[in-house]
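Below you'll find the structure, written out as structure tokens, and then a few comments.
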Amino acid sequence: MTLLPGDVVSMGTALASGGKPGRAVQNADLSLMGGPVSVSIQGIGRLSNTVEHVG
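This is the structure:
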């Protein structure tokens with residue numbers, strides 16, 4: 902599968918690890934985030950993308 906600019910990948914809501922207390926992502930409005938959004942997975946690396954509201 903090839904991802905192209907503008908493609909959206911949705912993988913559900915990130916919850917606190919193993920039901921333990923911690924920060925979870927809920928109701929995130931990416932259009933209000935005026936900078937890069939980064940995701941990191943231990944042992945794999947970090948992916949950063951700029952978020953831009955279009956329209």
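With positions in the sequence shown counted from 1, the corresponding number in the numbering used here is that position plus 901. Even glycine gets a Cβ: it sits at the ideal position worked out from N, Cα and C. Being a predicted model, the structure only gives us computed values, none of them experimental.
Pull up the DSSP beta-bridge partners for G936, would you. BP columns for G936 are empty, so no partner.
Tell me where the beta strand (DSSP E) around L904 begins and ends. Segment: none, L904 is in no beta strand (DSSP E) and carries neither H nor E.
According to DSSP, what are the bridge partners of G944? Answer by DSSP bridge pairing: none, since G944 is not bridged.
Do T951 and V938 come within 9 Å of each other at the CB atom, strictly closer than that value? yes
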